[in-house]
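When you line the sequence shown up against this note's numbering, it's residues 1067 to 1227, in that order. Comments concern the structure below.
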Amino acid sequence: MQLITLNIDKPEATNFIFGQAHFIKSVEDIHEALVNAVPGITFGVAFCEASGKCLVRWSGTDTAMIELAQKNAQAIAAGHSFIIFLGDGFYPLNVLNTLKMVPEVCHIFCATANPTEVILAETDQGRAILGVVDGFCAKGIEGDEDIRWRKNLLRQIGYKQ
């Protein structure tokens, strides 16, 4: 067995969701869930098929996000994993619960815009996702000024009143 770390290749501010599902139907059901959750959403999704032809299946509403999803899914190449890249102005927060309700979705590894590494184990049979490194290590405890900044940010971007 070989351990591999793979960086998710994406523009700095682009949000993505990385998870595992269990059936070829996942691509269409994830697509439908996203467009029904947020009108006008732009995204690309790619799914690594783990049996049959073992292809990267894909869908989406935005060519650039689709290409990003395809490229990263092909690099990860771990059975039944999926990756969704969201277009500018769309966030995991808006679709995560809907995505979790898709019957084929087994697990969400991360939903982030942070730099991310996927930790994989590779055997003669294939690849397994052991986990992800999402962002960086905590550097301390927030103080009063940090709390004010956090609360102001959430109100500025419309997530709190």
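A virtual CB, placed ideally from N, CA and C, is assigned to each residue, including glycine.
Quick one: give me the first and last residue of the beta strand (DSSP E) that residue i is part of.
i: Ser1125; result: 1122-1126
i: Ile1150; result: 1147-1152
i: Thr1129; result: Careful: Thr1129 lies outside any beta strand (DSSP E), inside the alpha helix (DSSP H) at 1129-1142.
i: Leu1196; result: 1193-1200
i: Phe1177; result: Residue identity check: residue 1177 is Ala in the sequence provided, not Phe. Taken as a continuous stretch (DSSP letters only), the beta strand (DSSP E) holding Ala1177 covers 1173-1178.
i: Leu1186; result: 1182-1188
i: Phe1084; result: 1082-1086
i: Ile1207; result: Counting along the chain, Ile1207 falls outside any beta strand (DSSP E), and DSSP gives it neither H nor E.
i: Ile1070; result: 1068-1073
i: Ala1112; result: 1109-1114
Can you tell which of the options has its C-alpha closest to the C-alpha of residue i?
i: Leu1122; options: Gly1201, Gly1145, Ile1185; result: The sequence shown places Val at residue 1122, rather than the Leu named in the question. Out of Gly1201, Gly1145, Ile1185, Gly1145 has the C-alpha closest to the C-alpha of Val1122.
i: His1173; options: His1088, Thr1129, Thr1080, Ile1070; result: His1088
i: Asn1073; options: Ile1223, Asp1190, Leu1186; result: Leu1186
i: Cys1176; options: Met1067, Asn1081, Ile1107; result: Asn1081
i: Val1161; options: Asp1154, Asn1102, Leu1196; result: Asn1102
i: Leu1152; options: Arg1221, Gln1222, Ile1096, Gln1191; result: Ile1096
Buried or exposed: residue i, going by 16 or more other Cβ atoms within 10 Å of its Cβ?
i: Cys1120; result: exposed
i: Gln1140; result: exposed
i: Ala1204; result: exposed
i: Gly1110; result: buried
i: Ile1107; result: buried
i: Met1067; result: exposed
i: Thr1129; result: exposed
i: Leu1165; result: buried
Pop quiz: residue i and residue j are said to be a contact at Cβ under 8 Å. What is the actual Cβ separation, rounded to whole angstroms?
i: Leu1134; j: Lys1226; result: Leu1134 to Lys1226, Cβ: 30 Å. No contact.
i: Val1168; j: Ala1099; result: 5 Å
i: Ser1147; j: Gln1086; result: 5 Å
i: Glu1211; j: Ile1070; result: The Cβ separation is near 40 Å, so there is no contact.
Near residue i, which residues of its chain fall below 8 Å by C-beta distance, leaving aside the five closest residues on each side in sequence?
i: Lys1091; result: Glu1170
i: Arg1193; result: Ile1070, Ile1142, Ala1143, Ala1144, Gly1145, Leu1186, Ala1187
i: Val1198; result: Phe1084, Phe1175, Cys1176, Thr1182, Glu1183, Val1184, Ile1185
For the alpha helix (DSSP H) containing residue i, list its first residue and its last residue.
i: Ser1092; result: 1092-1103
i: Ile1213; result: 1210-1222
i: Leu1165; result: 1162-1166
Examine the ligand PLP and report whether any of its heavy atoms sits within less than 8 Å of the Cβ of residue i.
i: Ala1079; result: As presented, the structure is devoid of all ligands, the ligand PLP included, so that no description of it is given.
Below 6 Å CB to CB, which residues in the same chain sit around residue i once its five sequence neighbours on both sides are set aside?
i: Thr1178; result: Asp1200
CB-CB under 7 Å to residue i, same chain, minus the five flanking residues each way: which ones, in chain order?
i: Gln1136; result: Ala1112, Val1122, Trp1124
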